[in-house]
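Using this note's numbering, the letters of the sequence shown map in sequence onto residues 17 to 181. Every residue, glycine too, gets a C-beta built ideally from N, C-alpha and C. These numbers were taken from a predicted model, which means no experiment stands behind them. Written below as structure tokens is the structure these notes are about.
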Amino acid sequence: MLSKEPVRIRHDWNVAVVAHCDFCSHSKMTVPHADGGRICASCCDSEFLSSWQNYARNLATELLSLREQLAELKALEPIGYVGNSDLYALSTGDLGCIAPYNAFEGIPLFTAAKPAEMPRHIYSMLVNELRDVPAIGCKRELIIGVLNRHGVTAEPVQFDPPAAK
């Protein structure tokens, strides 16, 4: 997300008095500043200009970062596909999963960056999702595939039958 644009602080110059500016040490018409001191009009302008210069530097840095990320994404293998399936035409798989017919046929849609190390919150979310959805085979296979791509050994879980009384 791009940085926020600087906002010019409006001063009420109707209450300005001649005093020493705390920024340039000249005796000029000054108004109260947010930090409790006094500021003159030229220092207000230079302060606002410097905030815009910092904003421009931050935007340039973010733009370079986004370009690098885009180059990395373009270099990766595609992991998503546009299917030519009808969402209403469903078929039942071997494990009882319900999936759109021909779900993974089609052209590459997007790529995703593969981090060197999967963030903990993503890993926790995927593992919790695996625990919560034992009946949905397709979703389980997708999550297991994601974990395997990131070097986490995840295999379909075989649930034990209920204990006999």
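Which of helix, strand or coil does DSSP assign to residue 6?
Because the chain here runs from 17 to 181, residue 6 falls outside it and cannot be looked at.
Between which two residues does the beta strand (DSSP E) carrying residue 35 extend?
Segment 33-36, the beta strand (DSSP E) holding residue 35.
Output the residue ranges of the beta strand (DSSP E) runs that lie fully inside the stretch 43-73 and measure 3 residues or longer, sorted by chain position.
43-48, 54-56, all fully within the stretch 43-73.
If we ignore side chains and look at the alpha-carbon of each, how far apart do residue 62 and residue 83 end up?
So the alpha carbons of these two residues sit roughly 31 Å apart.
Straight-line Cα distance separating residue 77 from residue 142:
If you draw a straight line from the Cα of residue 142 to the Cα of residue 77, it comes to about 32 Å.
Could you check whether residue 54 and residue 28 sit closer than 8 Å to each other, using their CB atoms as the reference points?
The Cβ atoms of residue 28 and residue 54 do not sit closer than 8 Å to each other.
Applying the 10 Å Cβ sphere with the 16-neighbour rule, what's the burial state of residue 60?
Only buried fits residue 60, as 16 or more other CB atoms lie within 10 angstroms of its CB.
Give the secondary structure of residue 41 by DSSP, where H, G and I count as helix, E and B as strand, and everything else as coil.
In the structure shown, residue 41 sits in coil (DSSP, three-state: anything other than H, G, I, E or B).
Could you give the C-beta distance for residue 22 and residue 67, rounded to a whole number, given that I count them as a contact under 8 Å?
About 4 Å; that satisfies the 8 Å criterion.
Note down, in chain order, each residue of its chain lying with its Cβ closer than 8 Å to the Cβ of residue 34, except the 5 sequence neighbours on either side.
Sequence-distant Cβ neighbours of residue 34 in its own chain, meaning closer than 8 Å and more than five residues away, are 43, 44, 45, 46.
For residue 40, count neighbouring Cβ atoms within 10 angstroms of its own Cβ and tell me buried if that reaches 16, exposed if not.
If you draw a 10 Å sphere on the C-beta of residue 40, you find fewer than 16 other C-beta atoms in it, and that means exposed.
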